[in-house]
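Participant: Handing you this structure, nothing more for now.
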Amino acid sequence: MCGIVGYVGVQEAAPILVDGLRRLEYRGYDSAGLAVHNGQSVEVVRRSGKLRELEKALQETPLTGAMGIGHTRWATHGKPSEVNAHPHTAGPVTVVHNGIIENHLVLRQELLDQGVELQSETDTELVAHLVEQQLSQGLDLVGAVRAALARVRGAYALAVVSSADPTRIVAAKHSSPMVLGFGQGEMFLGSDIPALLPYTREMTFLEDGDVVVLEATRATLTDLEGGPVERPRQHIDWSPVMAEKAGYKHFMLKEIFEQPRALEDTLRGRLDREAGDIVTAEVGLSDEQARGFSRVTLLACGTSHHAAMVGRYAIEELAGLAAQVELASEYRARSAVVTENELVVVVSQSGETLDTLEATKLAKSKGATVLAIVNVIGSAIPRHSDGAFYTHAGPEIGVASTKCFSTQLANLLMFGIWLGRRRGGLSAARTRELVEGLAHIPSLMTDLLTSMKTSMGEMARRYGGAQDVLFLGRGVQFPIALEGALKLKEISYIHAEGYASGEMKHGPIALIDEQVPVFVLVPRDGNYERSLSNLQEAKARGARVIAVASEGDDAVAGVSDSVVAVPPTDPLLLPLLTVLPLQLFSYYVADFKGTDVDQPRNLAKTVTVE
Ligand code: AGP
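Reading the sequence shown from the start, the letters are residues 15 to 624 in our numbering.
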């Protein structure tokens, strides 16, 4: 997730572009850049780091001109650095891009074979070269962009300028957002509303497949074939703060509802639905290595540790490989043994958590092969690992992790499928089923989140006054119970415990009385009957039971005080759905209590202390 901006009009473009980027910094902040047409040519200034680094550079090298484009980056291909920062240039063409080009490896190889010299590791530079090649065939800029996009698969919101034309920006959209803003004799472009709000409230949201030529006094919309397109103009009356959170009250709520989009980005280019397989070329592990691993150890902290626990179940079930999960801090606190041919999978949103980083170094020093499942590209953990499988959730601002958790689950499940297929434990038919199942998860998430919009608020009002809350789950739902409890603790400050359902009778069941709401995760999976018995045991002791169950389960509804129904999917993929009501419940309880949801007390987003 990156932010792009564009301006063409009568004012100096650079200050407007920088201001727009500042309002889009929540979309990414590892590097930034501007390209402005000075009347003769396009000048580019880029800097690694936050936007203030670009602002400092612009003081030394001011850009003047009334047309330009800008970008704030959240790395997806290529580490954060000046050379990978946007805009990217090829001959007269300069491009900024938000999205992920799926077929970038093939395009890169083709361009290299043609003798093209590439400067960066990004997928975006490839687009600049494709457009430049089409321009040199005699096409105009918009024709060249259309022809280049015919070669591209994936997600993009692109803005392209040419040094031969100081009056036009060509932009195009597929899967990544793009908004046009209409001024008086000036036009604006942005990834999101906040970038444009100080300048205009008249906006048009582009749809997938739209191509627009932006001039100072008009926007001409077409489709990818050049046919005319019309989109409505809307008046937006949001305040700038509301706009940054896309109208949501808190970043956490926005990030919860962003999960279908985040999952799509994570799965993009990694599900080969035609072949019924998983594509993990970027990870850098060979099929031979996959067959040779003797054991997997997963290391993580907090929410990432819960995701790793689900990963363990997936790897054991799909790949038949011994797997264990460790808290990174505890791994460091004992004399952990690394066996021959051991794979260590490190899971971290930030890639900077100190305990996880130190555990990574320790495992590496003891001879393990280390794979990082991380959200922040170029962070410390992947730098100390042998390979990385990035989650592509985009920046997560809320301290309580939500969308990063679900994208971690997706990567761990994909990795488990990939391992299982390579090691021979997983049939082609089951692999195809799981690939299809994953492909459908984003739309199931959307439906489930929509269905809970009002009901979870009511549930939070009904049960949120409790002093203690229990969360029970079995098998792959056990880590989800732990995650539900962690979410509630960290943002609502209510005491909550997650337990393996089967463990209740060994002690914790003594805690149950009429005051204690008990969430029971009891979807139809291989543990259903036993989980239902555990639910009944809690009910029999007076608990107020909230069941997270499969749609249409009358048996569960008959014995529960409240039910959240989740749609059917493969049992191994169910955690991607069952976690959603727990995240929303915590959010609404915290919001009713009036806590600082996005920055809860005593916590930090990235924990770099021991
Ligand atoms: C999650 O809601 C927490 N804020 C926290 O547990 C977090 O998951 C943990 O600190 C690990 O962070 P990481 O994923 O960045 O390594």
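Glycine residues also receive a C-beta, built at the ideal position from the N, C-alpha and C atoms.
1) Evaluate GLN273 with the Cβ neighbour count: other Cβ atoms within 10 Å of its Cβ, from every protein chain shown; 16 or more gives buried, anything less gives exposed.
2) What residues are listed by DSSP as bridge partners for GLY17?
3) Here's the rule I'm using: 16 or more other beta-carbon atoms within 10 Å means buried, otherwise exposed. How should LEU617 be labelled?
4) Quick check on GLN123: does DSSP put it in helix, strand or coil?
5) Can you list, in chain order, the residues of its chain whose CB lies under 7 Å from that of ARG305, leaving out five sequence neighbours each side?
6) Using the three-state DSSP reduction, which class does ILE183 fall into: helix, strand or coil?
7) Which residue comes first and which comes last in the beta strand (DSSP E) that contains GLN338?
8) Check whether the region 358-365 touches the region 411-423, taking contact to mean three or more Cβ pairs, one atom from each stretch, closer than 8 Å.
9) Only counting the same chain, and skipping five residues up and downstream in sequence, which positions put a Cβ closer than 6 Å to that of SER1?
10) Could you please give the first and the last residue of the uninterrupted alpha helix (DSSP H) stretch that includes GLY471?
11) So which of MET470, TYR345 and PRO409 has the shortest CA-CA distance to PRO595?
12) In three-state terms, what does DSSP make of ARG215?
13) By the 10 Å Cβ neighbour count, where 16 or more other Cβ atoms means buried, how is GLU354 classified, buried or exposed?
14) Which of the three DSSP states is assigned to LEU144 in this structure?
15) Leaving aside the five residues before and after ALA514 along the sequence, list all residues of the same chain whose C-beta is less than 6 Å from its C-beta, in chain order.
16) Using a 10 Å radius around the Cβ and a threshold of 16 neighbouring Cβ atoms, would you call VAL351 buried or exposed?
17) Starting from MET201, follow the beta strand (DSSP E) in both directions and report where the run begins and ends.
18) With distances taken from CA atoms, which of VAL611, TYR345, VAL390 and ALA104 is nearest THR374?
19) So, for THR460: in the same chain, excluding its five sequence neighbours on each side, which residues have a beta-carbon less than 8 Å away from its beta-carbon?
20) Does the ligand AGP have even one heavy atom less than 7 Å from the beta-carbon of GLY392?
21) What separation, rounded to the nearest whole angstrom, lies between the Cα atoms of GLN25 and ALA80?
22) Let me know the secondary structure DSSP gives PRO191 once reduced to three states.
23) Could you tell me the boundaries of the alpha helix (DSSP H) in which LEU458 lies?
24) Using 8 Å for Cβ pairs, my map puts GLY316 next to LEU496. What's the rounded Cβ distance?
25) Straight-line CA distance for PHE485 to ALA321?
26) Compute every distance between the C-beta of ALA414 and the non-hydrogen atoms of the ligand AGP, then say whether any falls below 7 Å.
27) Thinking just about the alpha-carbon of each residue, which of LEU35, ILE114, VAL109 and LEU591 is nearest to the one in ASP206?
28) Between VAL1 and the ligand AGP, is there a pair consisting of the residue's CB and a ligand heavy atom that are separated by less than 7 Å?
29) In whole angstroms, what separates the C-alpha of GLY92 from that of GLY479?
30) Return the bridge partner residues of ILE114 from the DSSP annotation.
31) Is the region 371-388 touching the region 422-432, taking contact as three or more C-beta pairs under 8 Å?
32) Return yes when at least one heavy atom of the ligand AGP lies under 7 Å from the C-beta of LEU598, else no.
33) Hey, could you find the ends of the beta strand (DSSP E) ARG66 is sitting in?
34) Just how far apart, CA to CA, sit PRO76 and GLN597?
35) In three-state DSSP terms, what is PRO242?
36) Work out the CA separation of LEU119 and VAL226 for me, nearest whole Å.
Facilitator: Taking the definition as stated:
1) Translated into the one-based positions of the sequence shown, residue 273 becomes position 259. Label assigned to GLN273: buried.
2) For the purposes of this step, residue 17 is identified with residue 3 of the sequence shown, where counting begins at 1. GLY17 pairs with THR86.
3) Mapped onto the sequence shown, residue 617 falls at position 603. LEU617 comes out exposed.
4) Here the question's residue 123 lines up with position 109 in the sequence shown. Here GLN123 sits in helix by DSSP.
5) As a working note, residue 305 is residue 291 in the sequence shown. The residues are ARG436 and ARG437.
6) Residue mapping note: residue 183 aligns to position 169 of the sequence shown, counting from 1. Reduced to three states, the DSSP call for ILE183 is strand.
7) The residue labelled residue 338 in the question sits at position 324 within the sequence shown. Where GLN338 is concerned, the enclosing beta strand (DSSP E) stretches over 337-341.
8) Contact between the region 358-365 and the region 411-423 is present, with at least three C-beta pairs closer than 8 Å.
9) Residue 1 is absent from the structure shown; the chain starts at 15 and stops at 624.
10) Against the sequence shown, residue 471 aligns to sequence position 457. First-last of the alpha helix (DSSP H) with GLY471: 469-477.
11) As a position in the sequence shown, residue 595 is number 581, starting the count at 1. Measuring from the Cα of PRO595, the nearest candidate turns out to be MET470.
12) Along the sequence shown, read from residue 1 onward, the residue named residue 215 stands at position 201. The answer is coil: DSSP assigns ARG215 none of H, G, I, E or B.
13) Position 340 of the sequence shown, counting from 1, holds the residue named residue 354. GLU354 comes out exposed.
14) Position 130 of the sequence shown, counted from the first residue, corresponds to residue 144. DSSP places LEU144 in helix when its eight states are reduced to three.
15) Residue mapping note: residue 514 aligns to position 500 of the sequence shown, counting from 1. Closer than 6 Å at the Cβ level, and outside the excluded window around ALA514, lie PHE492.
16) Within the sequence shown, residue 351 is the residue found at index 337, counting from 1. Flag for VAL351 reads exposed.
17) By one-based count along the sequence shown, residue 201 stands at place 187. Run containing MET201: 201-204, per the beta strand (DSSP E) assignment.
18) Your numbering for residue 374 matches position 360 in the sequence shown. If we check each option's Cα against that of THR374, TYR345 comes out closest.
19) For the purposes of this step, residue 460 is taken as the residue at position 446 of the sequence shown. Here the set comprises PRO274.
20) On the sequence shown, residue 392 is found 378 positions in, with the first residue counted as 1. The answer is no for GLY392.
21) To locate residue 25, count along the sequence shown from 1; it is residue 11. To locate residue 80, count along the sequence shown from 1; it is residue 66. Looking at the two C-alpha atoms, the distance is approximately 6 Å.
22) Taking the first residue of the sequence shown as position 1, residue 191 is located at position 177. Reduced to three states, the DSSP call for PRO191 is coil.
23) For the purposes of this step, residue 458 is taken as residue 444 along the sequence shown, with counting starting at 1. Where LEU458 is concerned, the enclosing alpha helix (DSSP H) stretches over 442-466.
24) Here residue 316 is taken as the residue at index 302 of the sequence shown, counted from 1. Here residue 496 is taken as the residue at index 482 of the sequence shown, counted from 1. Actually they are not in contact, since the Cβ atoms of GLY316 and LEU496 sit about 10 Å apart, beyond 8 Å.
25) Position 471 of the sequence shown, counting from 1, holds the residue named residue 485. Position 307 of the sequence shown, counting from 1, holds the residue named residue 321. Between the C-alpha atoms of PHE485 and ALA321 there is a straight-line separation of about 16 Å.
26) For the purposes of this step, residue 414 is taken as residue 400 along the sequence shown, with counting starting at 1. For the ligand AGP, at least one heavy atom lies less than 7 Å from the Cβ of ALA414.
27) Along the sequence shown, read from residue 1 onward, the residue named residue 206 stands at position 192. With distances taken between Cα atoms, ASP206 lies closest to LEU35.
28) With the chain covering 15 to 624 only, the question about residue 1 has no answer from this structure.
29) As a working note, residue 92 is residue 78 in the sequence shown. As a working note, residue 479 is residue 465 in the sequence shown. The alpha-carbon atoms of GLY92 and GLY479 are separated by roughly 47 Å.
30) Sequence index remark: in the sequence shown, residue 114 carries index 100 (1-based). Note: ILE114 sits in a beta bridge opposite ALA169.
31) With a cut-off of 8 Å, the region 422-432 and the region 371-388 count as touching, because enough Cβ pairs lie within range.
32) Translated into the one-based positions of the sequence shown, residue 598 becomes position 584. False, no ligand heavy atom lies under 7 Å from that Cβ.
33) Looking up residue 66 in the sequence shown gives position 52. Run containing ARG66: none in the beta strand (DSSP E); it sits in the alpha helix (DSSP H), 65-74.
34) As a first step, residue 76 is located in the sequence shown; it is residue number 62 there, counting from the start. As a first step, residue 597 is located in the sequence shown; it is residue number 583 there, counting from the start. The straight-line gap from Cα to Cα measures roughly 46 Å.
35) Counted from its first residue, the sequence shown places residue 242 at position 228. Here PRO242 sits in strand by DSSP.
36) Locating residue 226 in the sequence shown gives position 212, where the first residue counts as 1. Locating residue 119 in the sequence shown gives position 105, where the first residue counts as 1. C-alpha separation (whole angstroms): 27 Å.
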